[in-house]
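This report refers to the structure that appears directly beneath it.
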Amino acid sequence: MIEKILGTFFRARKGKRFAAWQIELTTRCPLRCKMCVRTESDDWIFQDMALSDFKKILPYLRDVETVVLEGWGESLLHRDLPECIRLVKKEGPQVGFVTSGMGLTENRVSELIETGLDFVGFSISGTTPETHDSIRVNSRLPEVLNAIRLFSKAKLSRGLPKPKMHLVFLVLKDNIHQVPFVPSFAKGVGIEDVVLINICHAINTWQEEQRAFAWGKEQNEYEKYLKQAEADARKLNIRLSRPSLCATDIAVCSENPLKNLYISADGEVSPCVYLYPSLPSPFRRIFCGNEYWVERVSFGNIFRNPFPDLWMNRGYVSFRDYFEKREKRFKELFTSLWRGVKMGDLEETMLPAPPEPCKTCHKMLGV
Numbered sequence: 004m005i006e007k008i009l010g011t012f013f014r015a016r017k018g019k020r021f022a023a024w025q026i027e028l029t030t031r032c033p034l035r036c037k038m039c040v041r042t043e044s045d046d047w048i049f050q051d052m053a054l055s056d057f058k059k060i061l062p063y064l065r066d067v068e069t070v071v072l073e074g075w076g077e078s079l080l081h082r083d084l085p086e087c088i089r090l091v092k093k094e095g096p097q098v099g100f101v102t103s104g105m106g107l108t109e110n111r112v113s114e115l116i117e118t119g120l121d122f123v124g125f126s127i128s129g130t131t132p133e134t135h136d137s138i139r140v141n142s143r144l145p146e147v148l149n150a151i152r153l154f155s156k157a158k159l160s161r162g163l164p165k166p167k168m169h170l171v172f173l174v175l176k177d178n179i180h181q182v183p184f185v186p187s188f189a190k191g192v193g194i195e196d197v198v199l200i201n202i203c204h205a206i207n208t209w210q211e212e213q214r215a216f217a218w219g220k221e222q223n224e225y226e227k228y229l230k231q232a233e234a235d236a237r238k239l240n241i242r243l244s245r246p247s248l249c250a251t252d253i254a255v256c257s258e259n260p261l262k263n264l265y266i267s268a269d270g271e272v273s274p275c276v277y278l279y280p281s282l283p284s285p286f287r288r289i290f291c292g293n294e295y296w297v298e299r300v301s302f303g304n305i306f307r308n309p310f311p312d313l314w315m316n317r318g319y320v321s322f323r324d325y326f327e328k329r330e331k332r333f334k335e336l337f338t339s340l341w342r343g344v345k346m347g348d349l350e351e352t353m354l355p356a357p358p359e360p361c362k363t364c365h366k367m368l369g370v
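See the structure below:
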């Protein structure tokens, strides 16, 4: 999801080694969303990142294009969120987060805007309160809309173009009939950017059955809804990013561990958020209808060790090497096909295997 969101707004600047660092400020959240991995977890680890620890990350951010202050919790609950934004801005990156908008007031919004916040996304799961509220339990769509209005009003009164706002809509079978209405819904609340995403981390039967994407290359029955949304978005001049509904092997997933990384609230550095949930290890994952237990992946703690040591340690280099080989092979195959070589004439058309923890992740299927 990181690259989908960032690709909507920003282009990487020359000289920046990293596209995005996702930094989790808290694992606490007032919602009980049906699609969240916390839904059935009695052993969820609740924690906040201390401001003193957050400051240890700052020296490394000069080589990062964008910082997303978000993880498995609601960043608005972190008491030092405004200060964290200000500190990141001093180091140069773009900075923002995605939120449920819960509990936002005029004063709180003003405080956030005055930090220089670059972008803020609002998560919805329906264009009607009945649908949204039933999926994002404890969230209320009118409250999300009020949060958007507060940001719009504050920006207008100050004559500011930032923060850029976007909607993040999670596509499920229970709400896909409302996807065609998302562009007009966004237009109605003054938002011009929409990001549609799939559920990709399933831990129970309901979540697995709710995925709208399918295996293989057959025509997906839900594709018509996304095509309707795309057509409406063009008419309304809405920028819409959508996922694939047809699973297929891809070289590098959208989390792109070659350019991005994730830092948990306790300082653990992982290739992506899906490899380090706030749960004891191993954690449950349902992939292609089968249950797996996956160990959390961390290559060290940035609060205790210099980041260059973590990035270049043997395990992390080996992990990235899998994706570099996949990317190289994909380019070779693409070049061969472009030159007119038939698939049957190629010695090997398969991509090298991904790292072990990624073999059971839907992200590797391009959805």
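Read the sequence shown against this note's numbering and you will find it ends at 370, with the numbers running on by one and no gaps.
Just so it is clear, CB atoms sit at the ideal spot from N, CA and C, and this is done for glycine as well.
From a predicted model like this one, the values you see are computed outputs, not experimental measurements.
Tell me which residue opens and which closes the alpha helix (DSSP H) that residue i is part of.
{"i": "Gly193", "result": "Element bounds for Gly193: n/a, residue is neither H nor E."}
{"i": "Val370", "result": "Here Val370 belongs to no alpha helix (DSSP H), and DSSP marks it neither H nor E."}
{"i": "Val147", "result": "144 to 161"}
{"i": "Ile289", "result": "Here Ile289 belongs to no alpha helix (DSSP H); instead the beta strand (DSSP E) covers 286 to 290."}
{"i": "Ser137", "result": "132 to 138"}
{"i": "Arg237", "result": "226 to 239"}
Please name the residue in the options whose C-alpha comes closest to that of residue i.
{"i": "Gly375", "options": "Phe49, Lys190, Thr130, Leu28", "result": "Outside the shown range of the chain, which is 4 to 370, sits residue 375, and nothing can be said about it."}
{"i": "Val101", "options": "Asp121, Val91, Asp83", "result": "Asp121"}
{"i": "Lys19", "options": "Lys262, Pro360, Asp324", "result": "Lys262"}
{"i": "Asp235", "options": "Phe188, Tyr225, Gly193, Asn110", "result": "Phe188"}
{"i": "Val272", "options": "Leu173, Asn316, Lys227, Thr338", "result": "Asn316"}
{"i": "Glu197", "options": "Trp209, Cys87, Ile26, Phe125", "result": "The residue asked about is misnamed: residue 197 is Val in this sequence, not Glu. For Val197, the nearest C-alpha among the options comes from Phe125."}
{"i": "Gly193", "options": "Thr134, Lys58, Ser155, Leu79", "result": "Ser155"}
{"i": "Asn308", "options": "Pro85, Gln50, Tyr63", "result": "Tyr63"}
{"i": "Leu148", "options": "Leu170, Leu163, Ile138, Gly162", "result": "Leu170"}
{"i": "Val297", "options": "Arg65, Arg288, Gly303, His180", "result": "Arg288"}
{"i": "His204", "options": "His81, Tyr279, Tyr325", "result": "Tyr279"}
{"i": "Lys92", "options": "Leu175, Thr118, Lys227, Ile206", "result": "Thr118"}
{"i": "Arg111", "options": "Ser137, Arg299, Glu94, Leu80", "result": "Leu80"}
{"i": "Ser284", "options": "Asp46, Phe21, Ile26", "result": "Asp46"}
{"i": "Phe326", "options": "Pro274, Thr208, Tyr295, Lys59", "result": "Pro274"}
{"i": "Ile386", "options": "Phe21, Arg35, Gln25, Cys39", "result": "Given a span of 4 to 370 for the chain in the structure shown, any question on residue 386 remains unanswerable."}
{"i": "Lys238", "options": "Pro260, Cys36, Thr251, Glu195", "result": "Glu195"}
{"i": "Ser137", "options": "Trp314, Lys331, Met168, Leu175", "result": "Leu175"}
{"i": "Glu73", "options": "Cys364, Met52, Lys59, Lys328", "result": "Met52"}
{"i": "Pro85", "options": "Thr208, Ser247, Ser113", "result": "Ser113"}
Can you tell me which of the three DSSP states residue i falls into?
{"i": "Trp24", "result": "strand"}
{"i": "Tyr63", "result": "helix"}
{"i": "Gln50", "result": "coil"}
{"i": "Trp314", "result": "helix"}
{"i": "Cys32", "result": "coil"}
{"i": "Trp209", "result": "helix"}
{"i": "Leu354", "result": "coil"}
{"i": "Glu294", "result": "strand"}
{"i": "Thr108", "result": "coil"}
{"i": "Thr102", "result": "strand"}
{"i": "Val320", "result": "helix"}
{"i": "Cys39", "result": "coil"}
{"i": "Arg329", "result": "helix"}
{"i": "Ile256", "result": "Looking at the sequence provided, one finds Cys at residue 256 rather than Ile. Cys256 falls in the coil class under three-state DSSP."}
{"i": "Lys334", "result": "helix"}
{"i": "Glu114", "result": "helix"}
{"i": "Leu79", "result": "helix"}
{"i": "His180", "result": "helix"}
{"i": "Thr11", "result": "Because Thr11 carries a pLDDT of 47, less than 50, the predicted location of this residue cannot be relied on, and the following value inherits that uncertainty. Thr11: helix per DSSP, three-state reduction."}
{"i": "Asp45", "result": "coil"}
Suppose you measure from the CA of residue i to the CA of residue j; what does that come to, to the nearest Å?
{"i": "Leu229", "j": "Arg214", "result": "14 Å"}
{"i": "Cys291", "j": "Lys158", "result": "45 Å"}
{"i": "Val67", "j": "Ala23", "result": "6 Å"}
{"i": "Asn201", "j": "Asp177", "result": "12 Å"}
{"i": "Gln231", "j": "Pro183", "result": "5 Å"}
{"i": "Thr130", "j": "Asp312", "result": "46 Å"}
{"i": "Leu115", "j": "Tyr265", "result": "23 Å"}
{"i": "Val140", "j": "Pro132", "result": "11 Å"}
{"i": "Leu90", "j": "Lys362", "result": "37 Å"}
{"i": "Arg161", "j": "Val370", "result": "39 Å"}
{"i": "Phe306", "j": "Leu282", "result": "20 Å"}
{"i": "Lys366", "j": "Ser244", "result": "16 Å"}
{"i": "Ile48", "j": "Cys32", "result": "12 Å"}
{"i": "Leu54", "j": "Ile151", "result": "27 Å"}
{"i": "Phe310", "j": "Lys190", "result": "42 Å"}
{"i": "Tyr225", "j": "Thr134", "result": "18 Å"}
{"i": "Ala15", "j": "Gln97", "result": "For Ala15, the predicted structure reports a pLDDT of 47, less than 50, and the residue's modelled location is therefore unreliable. A value from the coordinates is still provided. Going from the Cα of Ala15 to the Cα of Gln97 covers about 10 Å."}
{"i": "Phe172", "j": "Lys165", "result": "21 Å"}
{"i": "Pro360", "j": "Ile179", "result": "30 Å"}
From the DSSP secondary-structure annotation, give me the bridge partner or partners of residue i.
{"i": "Tyr265", "result": "Gln25, Ser273"}
{"i": "Leu199", "result": "Phe172"}
{"i": "Ser126", "result": "Val171"}
{"i": "Thr69", "result": "Ala23, Gln97"}
{"i": "Arg299", "result": "Arg299 is not bridged to any residue."}
{"i": "Asn304", "result": "Glu271"}
{"i": "Cys249", "result": "Ala217"}
Hey, could you find the ends of the beta strand (DSSP E) residue i is sitting in?
{"i": "Ser371", "result": "Residue 371 lies beyond the range of the chain shown here (4 to 370); nothing can be said about it."}
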